[in-house]
Amino acid sequence: MGKSRKIKITPENKCSFCRESKCCTYVTQQIDTPRSKDDFQTLLWQVSHEGVSAYKDEDGWFLLFDSRCSHLQPDGRCGIYEQRPWVCREHDNDYCEYDAPAEEGFELHFPDYDSLLAYCRKRFKRWDG
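Just so we're aligned: the sequence shown equals residues 1 to 129 in the working numbering.
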């Protein structure tokens with residue numbers, strides 16, 4: 001009988017075990033905290049677009065664009081690894097989507113118009129008036 005060998009997953013080798021390459025399938029952009037009805041009207045317009053959602057986490061408010069990187073290869077590797085942008089180089093994978101879905105860290109998440117509209121109606125008593 002052979003012994004099964006367990007490989008220790010570290011930040012240095014973790015990406016090679018990731019099958020979804022989730023961090024390479026979206027872009028986030030921090031936005032000013034929406035406060036007014038006008039701010040939320042703009043956010044409603046933004047999340048009305050396919051592949052655009054919004055969330056709030058401990059760092060603030062963000063737009064999230066579902067958009068796969070054009071350099072992501074079918075095997076999940078980066079096609080321009082040696083020339084990749086600094087944002088990719090600085091990406092910290094100590095605790096990333098391989099460990100848990102990013103959504104677990106969201107305080108608020110609005111994947112679409114209807115979810116944000118429901119929030120607006122609760123937040124603003126006279127939303128529809």
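All residues carry an ideal CB built from backbone N, CA and C; glycine is no exception.
Local Cβ density within 10 Å of Pro85, reported as buried at 16 or more and exposed below that: exposed
Touching by the beta-carbon criterion (3+ pairs, under 8 Å), the stretch 56 to 72 and the stretch 18 to 25: yes
Beta-carbon proximity check, Ala54 vs Phe110, cutoff 7 Å: Against a cut-off of 7 Å, the Cβ pair of Phe110 and Ala54 comes out as a contact.
Cβ-based neighbour list, Trp61, same chain, cut-off 6 Å, excluding 5 preceding and 5 following: Ile31, Thr33
Which of helix, strand or coil DSSP assigns to Trp61: strand
Which of helix, strand or coil DSSP assigns to Lys56: strand
Thr28 versus Asp92: straight-line alpha-carbon distance, rounded: 15 Å
Leu116 vs Val47 beta-carbon contact at 7 Å: Yes.
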